[in-house]
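Chemist: Quick one: the structure is below, and I'll ask about it shortly.
2 protein chains.
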Amino acid sequence: MMAESTRRGVPEATVGRLPGYLRALTELAERGRPSVSSDELADLMGIRSAQVRKDLSSLGSYGVRGVGYDVARLSDQIAAELGLSQERPVVIVGMGNLGRALVAYGGLAPRGFQVVALVDNDPELVGTTIEGLAVGTFADLDPVRTPVAVGVVTTPASAAQQVADTLVGLGVRSILNFAPVVLRVPEGVHVRAVDLATELQILAFHEHQRLLADSRGDEAG
Amino acid sequence: MMAESTRRGVPEATVGRLPGYLRALTELAERGRPSVSSDELADLMGIRSAQVRKDLSSLGSYGVRGVGYDVARLSDQIAAELGLSQERPVVIVGMGNLGRALVAYGGLAPRGFQVVALVDNDPELVGTTIEGLAVGTFADLDPVRTPVAVGVVTTPASAAQQVADTLVGLGVRSILNFAPVVLRVPEGVHVRAVDLATELQILAFHEHQRLLADSRGDEAG
DNA sequence: CTCTGTGAATGTGTTCACAGCG
DNA sequence: CGCTGTGAACACATTCACAGAG
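First to last, the protein sequences are chains Y and E. 1 is the number of the first residue of the first sequence in the numbering used here; add one for each residue after it. 1 is the number of the first residue of the second sequence in the numbering used here; add one for each residue after it.
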């Protein structure tokens, strides 16, 4: 039956899939599905069922043998693991096109993230309003009055490190970085990087390999 | 000295870092640095030097012992490996905020990607111009006249699968998906997914863990 | 008889540590 | 010497395959 013992240490690879499970489970719940098998979840996620079972068992979750997982229960369990019970205040720094797109993106609020501040250093932008939120400077951000859990960096690369330093100074320990630079942060601060050009280049690599393989096949065949 | 033999099979994890190396090397080249050591590259990338050496040796690249890697040579080598010698035509589907932000993003052209078409199904948008490019429908896309290497999906989740199917039908074999769904594509088509909410949830997980650790530390201490 | 949970096997990635080139 | 290149050790992740719960 397994006790409270196994409970610590969800593998990082599993953590990376938890949001995906949550998404799938939310959809299933909306369709009124009471339970789901590892096979079906695997199919929805594009992975194998053994992976699903390993992942979920690492949460200490209980499925029911012969039946599957209770959709609502598993949803709650994953949400709890991700710490989504509390609202997480987000500040977005850099109100260019991307920053504005993220503010307008509707997917945050329903997942427990609330954009509480917009920051830019362009005097033309400061004081304007985007999607009902005023754009300010860092000086307007009082860490006590406006606690921030996550900082999103959408500035040009040249400004990103300084912005990260400021965020860290404000007590932010999670940063999502869209600028194409490696941010240096103190131990204990988490950074995740998202970079369009990187992603495209990885895709380009695989295209290129296919081309090489094809042309070699032509010659051989 | 090693011949043309080792040349095949760059590990996927290494591929994921190649764009980063390229970025670092480009900066070094701009500063006029002729060569660089694995230690310094590692520092720029936020990884360990052994990793750098393993990665670069898997390309069959030659460093010079006692000196380091020739910046220009290594740059060329990585660019070649990524297949960046040829321009890759990109189509962006979904001209919402994110789609527009990507069109306006300046980081593509200098890295060998050219946005050749913008697609949306909103009649209000079709015919308008964004950053000098006309917005059309899929019907306007002739795969012969406008070959497309990479499709970028920035539509709502509900439309993404259908868009992916259409892209695949047009011969696209690389898709960058910003919609929060798992795309089903035939064997041989590569999909990379970027999802803001997923990234934030992963950050939230680590925040949550720290909190648990802290409170457990408090009780214990 | 179905589907979970999990040890064991395999595969992949990272790090160590050092031989050996320049 | 200083630095690369790489086997060997280790760590992590995935997959297999099956015992056993319901």
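For every residue, glycine included, the Cβ atom is placed at its ideal position computed from N, Cα and C.
Using the Cα positions of residue 180(E) and residue 140(E), report the straight-line distance between them to the nearest angstrom.
Modeler: Within the second sequence, numbered from 1, the residue matching residue 180(E) stands at position 180. Within the second sequence, numbered from 1, the residue matching residue 140(E) stands at position 140. The alpha-carbon atoms of residue 180(E) and residue 140(E) are separated by roughly 26 Å.
Chemist: Could you tell me whether any Cβ in chain Y is nearer than 8 Å to the Cβ of residue 4(E)?
Modeler: Taking the second sequence and counting its residues from 1, one reaches residue 4(E) at position 4. With a pLDDT of 37 at residue 4(E), under the threshold of 50, the predicted position of this residue should be treated as unreliable, though the coordinate-derived value follows. No, no contact with chain Y.
Chemist: What residues in the segment 174 to 207 of chain E bring their beta carbon closer than 7 Å to a beta carbon of chain Y?
Modeler: 174, 176, 180, 182, 190, 192, 194, 196, 197, 198, 199, 200, 201, 202, 203, 204, 205, 206, 207
Chemist: Going by DSSP, what residues sit across from residue 174(Y) in a beta bridge?
Modeler: Start at 1 with the first residue of the first sequence, and residue 174(Y) comes out as number 174. Paired residues: 150(Y), 190(Y).
Chemist: Comparing C-alpha positions only, which one of 67(Y), 74(Y), 51(Y) sits nearest to residue 60(Y)?
Modeler: Locating residue 60(Y) in the first sequence gives position 60, where the first residue counts as 1. Among 67(Y), 74(Y), 51(Y), the Cα nearest to that of residue 60(Y) belongs to 74(Y).
Chemist: Give me the chain E residues within the contact set of residue 21(Y), using Cβ-Cβ distance strictly less than 9 Å, ordered along the chain.
Modeler: Counting from one through the first sequence, the residue named residue 21(Y) turns up at place 21. Chain E residues near residue 21(Y): none, gap ~11 Å exceeds 9 Å.
Chemist: Determine the direct distance from the alpha carbon of residue 123(E) to that of residue 89(Y), and round the result to whole angstroms.
Modeler: Taking the first residue of the first sequence as 1, we reach residue 89(Y) at position 89. Taking the first residue of the second sequence as 1, we reach residue 123(E) at position 123. Rounded to whole angstroms, residue 89(Y) to residue 123(E) spans 37 Å at the Cα level.
Chemist: Does the Cβ of residue 100(E) have 16 or more other Cβ atoms within 10 Å, making it buried, or fewer, making it exposed?
Modeler: As a first step, residue 100(E) is located in the second sequence; it is residue number 100 there, counting from the start. Label assigned to residue 100(E): buried.
Chemist: For residue 4(E), which residues in the same chain have their Cβ closer than 6 Å to its Cβ, ignoring the five residues on either side in sequence?
Modeler: Reading the second sequence from its first residue, position 4 is the one you call residue 4(E). Only weak support exists for where residue 4(E) lies, its pLDDT of 37 falling under 50; the coordinates are left without a value.
Chemist: Which residues in chain Y sit within 7 Å of residue 95(E), going by Cβ to Cβ distance?
Modeler: Taking the second sequence and counting its residues from 1, the one referred to as residue 95(E) is at position 95. In chain order: nothing, as chain Y lies at least about 11 Å away.
Chemist: Let me confirm a value: residue 201(Y) is counted as buried when at least 16 other C-beta atoms fall within 10 Å, else exposed. Which label applies?
Modeler: As a first step, residue 201(Y) is located in the first sequence; it is residue number 201 there, counting from the start. By the neighbour-count rule (16 or more Cβ atoms within 10 Å), residue 201(Y) is buried.
Chemist: Less than 8 Å between CB atoms is the rule here; does residue 25(Y) satisfy it with respect to chain E?
Modeler: In the first sequence, residue 25(Y) corresponds to position 25, counting from 1. Not one chain E Cβ lies under 8 Å of residue 25(Y).
Chemist: Taking all protein chains shown into account, decide if residue 144(Y) is buried (16 or more other Cβ within 10 angstroms of its Cβ) or exposed.
Modeler: Counting from one through the first sequence, the residue named residue 144(Y) turns up at place 144. Residue 144(Y) is exposed by the Cβ-count criterion.
Chemist: Taking the runs of the alpha helix (DSSP H) that are 4 residues or longer, which of them lie wholly in the segment 111 to 163 of chain Y?
Modeler: none
Chemist: So which residues of chain Y does residue 150(E) contact, with C-beta pairs closer than 7 Å?
Modeler: Reading the second sequence from its first residue, position 150 is the one you call residue 150(E). Residues of chain Y passing the Cβ test: 200, 203.
Chemist: Helix, strand or coil for residue 13(E) per DSSP?
Modeler: The residue given as residue 13(E) occupies position 13 in the second sequence. Residue state, collapsed to three classes: helix.
Chemist: Could you pull the start and end residues of the alpha helix (DSSP H) that residue 78(E) belongs to?
Modeler: Indexing the second sequence from 1 puts residue 78(E) at position 78. Taken as a continuous stretch (DSSP letters only), the alpha helix (DSSP H) holding residue 78(E) covers 71 to 81.
Chemist: Can you check whether the CB of residue 148(Y) is closer than 8 Å to the CB of residue 119(Y)?
Modeler: Stepping through the first sequence from its first residue, residue 119(Y) is reached at position 119. Stepping through the first sequence from its first residue, residue 148(Y) is reached at position 148. No, they are not a contact pair.
Chemist: Interface residues of chain E around residue 113(Y) at Cβ under 7 Å?
Modeler: In the first sequence, residue 113(Y) corresponds to position 113, counting from 1. Those are 200, listed as they occur along chain E.
Chemist: Against chain E, does residue 69(Y) count as a neighbour if the rule is that its beta carbon must be under 8 Å from one of theirs?
Modeler: The sequence position of residue 69(Y) within the first sequence is 69, counting from 1. Not closer than 8 Å to any Cβ of chain E, the Cβ of residue 69(Y) fails to qualify, so no.
Chemist: Could you tell me which chain Y residues have their CB closer than 7 Å to the CB of residue 168(E), listed as they occur along the chain?
Modeler: As a working mapping, residue 168(E) is identified with position 168 in the second sequence. Here the premise fails: no neighbours, minimum Cβ distance about 14 Å.
Chemist: Find out if the Cβ-Cβ distance for the pair residue 182(E), residue 46(Y) is shorter than 8 Å.
Modeler: The count along the second sequence starts at 1 and reaches residue 182(E) at position 182. The count along the first sequence starts at 1 and reaches residue 46(Y) at position 46. Contact: yes.
Chemist: Quick check on DSSP: helix, strand or coil for residue 23(Y)?
Modeler: For the purposes of this step, residue 23(Y) is taken as residue 23 along the first sequence, with counting starting at 1. Note: residue 23(Y) maps to helix in three-state DSSP.
Chemist: Quick one: residues in its chain with C-beta nearer than 6 Å to the C-beta of residue 195(E), no 5 flanking neighbours on either side, listed in chain order?
Modeler: Position 195 of the second sequence, counted from the first residue, corresponds to residue 195(E). Non-local C-beta neighbours of residue 195(E) in its own chain, meaning closer than 6 Å and more than five positions away in sequence, comprise 180, ordered along the chain.
Chemist: For the ligand MG, any of its heavy atoms closer than 7 Å to the Cβ of residue 203(E)?
Modeler: Because no ligand of any kind appears in the structure shown, any question about the ligand MG cannot be addressed here.
Chemist: What three-state label does DSSP hand residue 223(Y) in the structure shown?
Modeler: A query on residue 223(Y) cannot be resolved here, the shown segment of chain Y reaching from 1 to 221 and no further.
Chemist: I want to verify the contact list: residues of chain Y whose CB lies under 9 Å from the CB of residue 104(E), in sequence order.
Modeler: As a working mapping, residue 104(E) is identified with position 104 in the second sequence. Per Cβ cutoff of 9 Å: 96, 97, 98.
Chemist: If I follow the unbroken alpha helix (DSSP H) through residue 103(Y), where does it start and stop?
Modeler: Against the first sequence, residue 103(Y) aligns to sequence position 103. 97 to 104 is the extent of the alpha helix (DSSP H) around residue 103(Y).
Chemist: Drop a sphere of 10 angstroms on the beta-carbon of residue 31(E), count the other beta-carbons inside from all chains shown, and report buried for 16 or more, exposed for fewer.
Modeler: As a first step, residue 31(E) is located in the second sequence; it is residue number 31 there, counting from the start. Exposed, since its Cβ has fewer than 16 Cβ neighbours within 10 Å.
Chemist: Going by CA-CA distance only, name the one from 34(E), 40(E), 111(E) that's closest to residue 83(E).
Modeler: Within the second sequence, residue 83(E) is the residue found at index 83, counting from 1. The closest CA to that of residue 83(E), considering only 34(E), 40(E), 111(E), is found on 111(E).
Chemist: Starting from residue 89(E), follow its DSSP beta bridges and name the residues at the other end.
Modeler: For the purposes of this step, residue 89(E) is identified with residue 89 of the second sequence, where counting begins at 1. The secondary-structure analysis by DSSP pairs residue 89(E) across a beta bridge with 114(E).
Chemist: In its own chain, which residues sit with a C-beta less than 6 Å from the C-beta of residue 6(E), not counting the 5 before and 5 after it?
Modeler: Reading the second sequence from its first residue, position 6 is the one you call residue 6(E). Per-residue confidence for residue 6(E) stands at a pLDDT of 41, beneath the threshold of 50, marking its modelled position as unreliable; the derived number appears in the next sentence. Take residue 6(E), set aside five residues on each side of it, and the residues of its chain with a beta-carbon closer than 6 Å to its own are 60, in chain order.
Chemist: For a contact defined as C-beta to C-beta under 8 Å, what are the partners of residue 101(Y) on chain E?
Modeler: The residue you call residue 101(Y) lines up with position 101 of the first sequence. Ordered by position in chain E, the residues that pass the 8 Å Cβ test against residue 101(Y) are 96, 97, 98, 100, 101.
Chemist: Roughly how many angstroms separate the alpha carbons of residue 51(E) and residue 21(E), rounded to a whole number?
Modeler: Residue 51(E) sits at position 51 when you count from the first residue of the second sequence. Residue 21(E) sits at position 21 when you count from the first residue of the second sequence. Taking the straight line joining both Cα atoms gives about 12 Å.
Chemist: How would you list, in chain order, the residues of chain Y whose beta-carbon sits under 7 Å from the beta-carbon of residue 126(E)?
Modeler: In the second sequence, residue 126(E) corresponds to position 126, counting from 1. Result: empty, since nearest Cβ-Cβ is about 20 Å, beyond 7 Å.
Chemist: What three-state label does DSSP hand residue 94(Y) in the structure shown?
Modeler: Numbered from 1 along the first sequence, position 94 holds the residue referred to as residue 94(Y). In the three-state reduction of the DSSP assignment, residue 94(Y) falls in the coil class.
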